[in-house]
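Sequential numbering from 13 applies to the sequence shown in the working numbering.
Ideal Cβ positions, reconstructed from N, Cα and C, are used throughout, including at glycine.
Note that the structure is predicted; figures quoted are calculated from it, not measured.
See structure below.
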Amino acid sequence: MMNPDQPSARPRLTAALDGLAAVFGGMTAHPDEHNCECHWGSAGELAQLKVPDTELDLDLLGRTWRAPDWSDHASVLRRILPQLATALVKGSVETLFGSEEVGHSFARGHWQQWPTAQAEAVRDFLHAWWAHTLTNPDPAVPAYEVLALITEASATLTPWLTTWETQTDHPADDHLAEAAAKWEYDLLGDQLPWDSWENEEEKRTELTAWLVRNAPARLRAHGASEELLHRIRLLGLTGDDRWEDPHWPGYRY
Numbered sequence: 013m014m015n016p017d018q019p020s021a022r023p024r025l026t027a028a029l030d031g032l033a034a035v036f037g038g039m040t041a042h043p044d045e046h047n048c049e050c051h052w053g054s055a056g057e058l059a060q061l062k063v064p065d066t067e068l069d070l071d072l073l074g075r076t077w078r079a080p081d082w083s084d085h086a087s088v089l090r091r092i093l094p095q096l097a098t099a100l101v102k103g104s105v106e107t108l109f110g111s112e113e114v115g116h117s118f119a120r121g122h123w124q125q126w127p128t129a130q131a132e133a134v135r136d137f138l139h140a141w142w143a144h145t146l147t148n149p150d151p152a153v154p155a156y157e158v159l160a161l162i163t164e165a166s167a168t169l170t171p172w173l174t175t176w177e178t179q180t181d182h183p184a185d186d187h188l189a190e191a192a193a194k195w196e197y198d199l200l201g202d203q204l205p206w207d208s209w210e211n212e213e214e215k216r217t218e219l220t221a222w223l224v225r226n227a228p229a230r231l232r233a234h235g236a237s238e239e240l241l242h243r244i245r246l247l248g249l250t251g252d253d254r255w256e257d258p259h260w261p262g263y264r265y
């Protein structure tokens, strides 16, 4: 069950979003920042990034966090962070290939190297959003997508899985069942279920071991299908023991 000493998830998330607005309010892209008009956007749109606190339309916001070629990605990210975080929570950020793309944008900004107050504001948001996702029966973004994003943003999987392990209420188990069903094909093929920039094999190994250790009892109590339970069991096997098991689903990779 959720620790009663923890603040409830929604007020915590609201406070984290307010914290981003307070810390990053008034920030702008570098005055000399530029980008290609043909591929990114117009001079007028670029000028908006150099004016603090003005709302960007969602298309411009998306092109801004997605662009990989800013001269100073960190300052651009700081400029858009309060609006981007709110849009993420609302589920209004569109990606081309997966939510981990947004995490890669966070990583490009090297936010963990920012001044302490700034780095703490980002960290508080990621943790608050994750806690809210796990306790919300119907989050705007599925838990498995949020996990991919925050893992890539922070370059670590461990704290997020630790939080999920401590959240044993009904919504968290619902999200676990949904995630396990989403992940099992890739994991049985020894692939991480999202595109990772670094330490992909280590993340896959950690996620697989965590599922094998934590998921079966929770999924069984949740009423998950025997088929899914067998596939989680198969993740704990290797080589011929996996492929020749009578419950191997016959996947081809």
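Classify His-187: buried if its beta carbon has 16 or more other beta carbons within 10 angstroms, exposed otherwise. In the sequence shown, the residue the question calls residue 187 occupies position 175. With 16 or more other Cβ atoms within 10 Å, it is buried.
When the distance is taken between beta carbons, is Asn-47 closer than 9 Å to Ala-79? Residue numbering aside, residue 79 sits at position 67 when the sequence shown is read from its first letter. Residue numbering aside, residue 47 sits at position 35 when the sequence shown is read from its first letter. A contact, by the Cβ cut-off of 9 Å.
Below 8 Å CB to CB, which residues in the same chain sit around Ala-131 once its five sequence neighbours on both sides are set aside? Taking the first residue of the sequence shown as 1, we reach residue 131 at position 119. Within the same chain, Ala-131 has close Cβ partners Trp-123, Gln-124 and Gln-125.
Measuring alpha carbon to alpha carbon, tell me which of His-85, Trp-206, Ser-87 and Leu-231 ends up nearest Leu-219. By 1-based counting over the sequence shown, the position of residue 219 is 207. The shortest C-alpha separation from Leu-219 is found at Trp-206.
Expressed to the nearest angstrom, what Euclidean distance is found between the alpha-carbon atoms of Ala-191 and Leu-72? Within the sequence shown, residue 191 is the residue found at index 179, counting from 1. Within the sequence shown, residue 72 is the residue found at index 60, counting from 1. Looking at the two C-alpha atoms, the distance is approximately 31 Å.
Between Gly-235, Pro-183, His-234 and Leu-173, which has its C-alpha nearest Thr-217's C-alpha? Position 205 of the sequence shown holds residue 217. Selected option, being the one with the closest Cα: Leu-173.
Just the C-alpha distance for Glu-214 and Thr-170, rounded to the nearest angstrom, thanks. Looking up residue 214 in the sequence shown gives position 202. Looking up residue 170 in the sequence shown gives position 158. In a straight line, the C-alpha of Glu-214 is about 11 Å away from that of Thr-170.
Please give the ranges of any alpha helix (DSSP H) in the segment 183-211, keeping only runs that are unbroken, at least 4 residues long and fully inside the region. Listed in chain order, nothing qualifies, since the segment 183-211 has no complete alpha helix (DSSP H) run of 4 or more residues.
Assuming Thr-76 and Lys-62 are in contact, meaning their beta carbons sit under 8 Å apart, how far apart are those beta carbons, in whole angstroms? Reading the sequence shown from its first residue, position 64 is the one you call residue 76. Reading the sequence shown from its first residue, position 50 is the one you call residue 62. Between Lys-62 and Thr-76 the Cβ distance is about 12 Å, and since that is not below 8 Å, they are no contact.
Nonlocal neighbours in the same chain, by C-beta distance under 8 Å from Thr-175, ignoring five residues either side: The residue labelled residue 175 in the question sits at position 163 within the sequence shown. Within the same chain, Thr-175 has close Cβ partners His-139, Trp-142, Ala-143 and Leu-146.
Arg-91 versus Ser-111, His-182 and Thr-66, residue with shortest Cα-Cα distance: Here residue 91 refers to the residue found at position 79 of the sequence shown. Comparing Cα positions, the closest option is Thr-66.
Nearest to Leu-100 (by Cα), restricted to the options Pro-64, Ser-83, Arg-120 and Phe-137: Reading the sequence shown from its first residue, position 88 is the one you call residue 100. Of Pro-64, Ser-83, Arg-120 and Phe-137, the residue nearest in Cα terms is Phe-137.
Quick one: what's got a C-beta closer than 7 Å to Leu-200's C-beta in the same chain, skipping five residues either side? Position 188 of the sequence shown, counted from the first residue, corresponds to residue 200. Excluding positions up to five away in sequence, the list reads Arg-243, Leu-246, Leu-247 and Tyr-263.
Rank Ala-33, Pro-154, Cys-50 and Ala-193 by C-alpha distance to the C-alpha of Leu-96 and give the top, closest one. By one-based count along the sequence shown, residue 96 stands at place 84. The shortest Cα separation from Leu-96 among Ala-33, Pro-154, Cys-50 and Ala-193 belongs to Ala-33.
If you compare alpha carbons, which of His-85, Ala-86 and Asp-81 is closest to His-51? Taking the sequence shown and counting its residues from 1, one reaches residue 51 at position 39. The residue with the shortest Cα to Cα distance from His-51 is Asp-81.
CB Gly-115 to CB Ala-86, shorter than 9 Å? The residue given as residue 115 occupies position 103 in the sequence shown. The residue given as residue 86 occupies position 74 in the sequence shown. By the CB criterion at 9 Å, Gly-115 and Ala-86 fall outside the cutoff.
Beta-carbon separation (whole angstroms), Ala-236 vs Ala-184, contact threshold 8 Å: Position 224 of the sequence shown, counting from 1, holds the residue named residue 236. Position 172 of the sequence shown, counting from 1, holds the residue named residue 184. Not really, about 14 Å apart at Cβ, beyond 8 Å.
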